[in-house]
Amino acid sequence: MGIFTDEYGVRIGRVVSWGISLVIAASFAGCKGCNNIEYGNGVRTGVINKVSKKGYIWKTWEGQMALEGLVAGQAVGANLWDFSIDSQTRHGENPQELVYKLQAALNLGQRIKITYMEAGAPWATRGSTSYYIQSVEPAERIESK
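Just so we're aligned, residue 101 is where the sequence shown starts under my numbering, counting upward by one.
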């Protein structure tokens, strides 16, 4: 028997390499699965500030929206919300159509409603944020009484 075999003649080196390969494959599959987990979803309304394509290696569409909200009585304040447009769509949305609608709303200064999905553990290939938009539509303003 050699130094790298046990009493049954099985090469320990081969078993170890298979074990390492299985651990790597399971880790990759687990991370890939986490990438697809939806942590939450919702709707936000506001005015688009910017839409841009960014990234050194993976170019992704990113955007920023000014959200409206009440602050101390009747004063209206704005919070900024960053979002991404998922190029690997998982809900049937067309990324180029979403970009077109966002750019049109930006050019018109139009108030819009965005439906989004929040990913549990996103990869950099999907976008720089964990918020992925699914639809864009004009928002109707409801007058308060």
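By construction, the Cβ of each residue, glycine as well, lies at the ideal position given by its N, Cα and C atoms.
Taking the Cα positions, Q196 is about 10 Å away from L202. Residue environment for A205: buried (at least 16 other C-beta atoms within 10 angstroms of its C-beta). In this structure, the CA atom of F183 is about 33 Å from the CA atom of V123. Distance check between Y139 and each of G113, Y231, I120 places Y231 closest, using alpha-carbon atoms only. About 16 Å separates the beta carbons of N141 and E237, which is beyond the 8 Å limit, so they are not a contact pair. Proximity to R211 across L167, T160, G163 peaks at L167, based on C-alpha coordinates. Between I120 and G192, the alpha-carbon positions lie close to 37 Å from each other. In the three-state scheme derived from DSSP, where H, G and I count as helix and E and B as strand, I120 is classed as helix. Buried is the label assigned to W161, since at least 16 other Cβ atoms lie within 10 Å of its Cβ.
When secondary structure is reduced to three states using DSSP, A166 falls in the strand class.
Here DSSP, grouped into helix, strand and coil, assigns E197 to helix. DSSP, read as helix, strand or coil, puts S228 in coil.
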